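In what follows, a single structure is set out as structure tokens and then discussed.
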Amino acid sequence: MDNYSNQPPKGMRLAFGIFMVLIYLAVGILFIVNVFDIANHTISIVIGALLCAYGVFRGYRMYKGMN
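Under the working numbering, the first residue of the sequence shown is numbered 19, with each subsequent residue one higher.
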């Protein structure tokens, strides 16, 4: 039996991965510039930096072919 029959096509997985990287980076930048009007700007910067770092990490993994 083919174990890969339930996975979406590789092109769709790649497109979704790129989309998610862009979403993580965009939301991270929005947190850094405090668009969401969080009272403590330091927390907003930390959350934004973590989201941006995770977006870069996912992009790197996708580039290297790990995911």
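By construction, the Cβ of each residue, glycine as well, lies at the ideal position given by its N, Cα and C atoms. As the structure is a computational prediction, the values presented were derived from the model and not from experiment.
Starting from the C-beta of Cys70, find all residues in its chain whose C-beta is less than 8 Å away, skip the five residues before and the five after it, and write them out in chain order.
As a position in the sequence shown, residue 70 is number 52, starting the count at 1. Closer than 8 Å at the Cβ level, and outside the excluded window around Cys70, lie Tyr42, Leu43, Gly46, Ile47, Ile50.
Grouping DSSP H, G and I as helix and E and B as strand, with all else coil, what is Gly35?
The residue you call residue 35 lines up with position 17 of the sequence shown. DSSP places Gly35 in helix when its eight states are reduced to three.
Residues near Gly77 by beta carbon distance below 7 Å, same chain, minus five either side
The residue you call residue 77 lines up with position 59 of the sequence shown. Closer than 7 Å at the Cβ level, and outside the excluded window around Gly77, lie Val39.
Once DSSP output is grouped into helix, strand and coil, what is the label at Val53?
Residue numbering aside, residue 53 sits at position 35 when the sequence shown is read from its first letter. Of the three classes helix, strand and coil, the one that applies to Val53 here is coil, per DSSP.
Quick one: what does DSSP say Gly46 is sitting in, helix, strand or coil?
For the purposes of this step, residue 46 is taken as the residue at position 28 of the sequence shown. DSSP places Gly46 in helix when its eight states are reduced to three.
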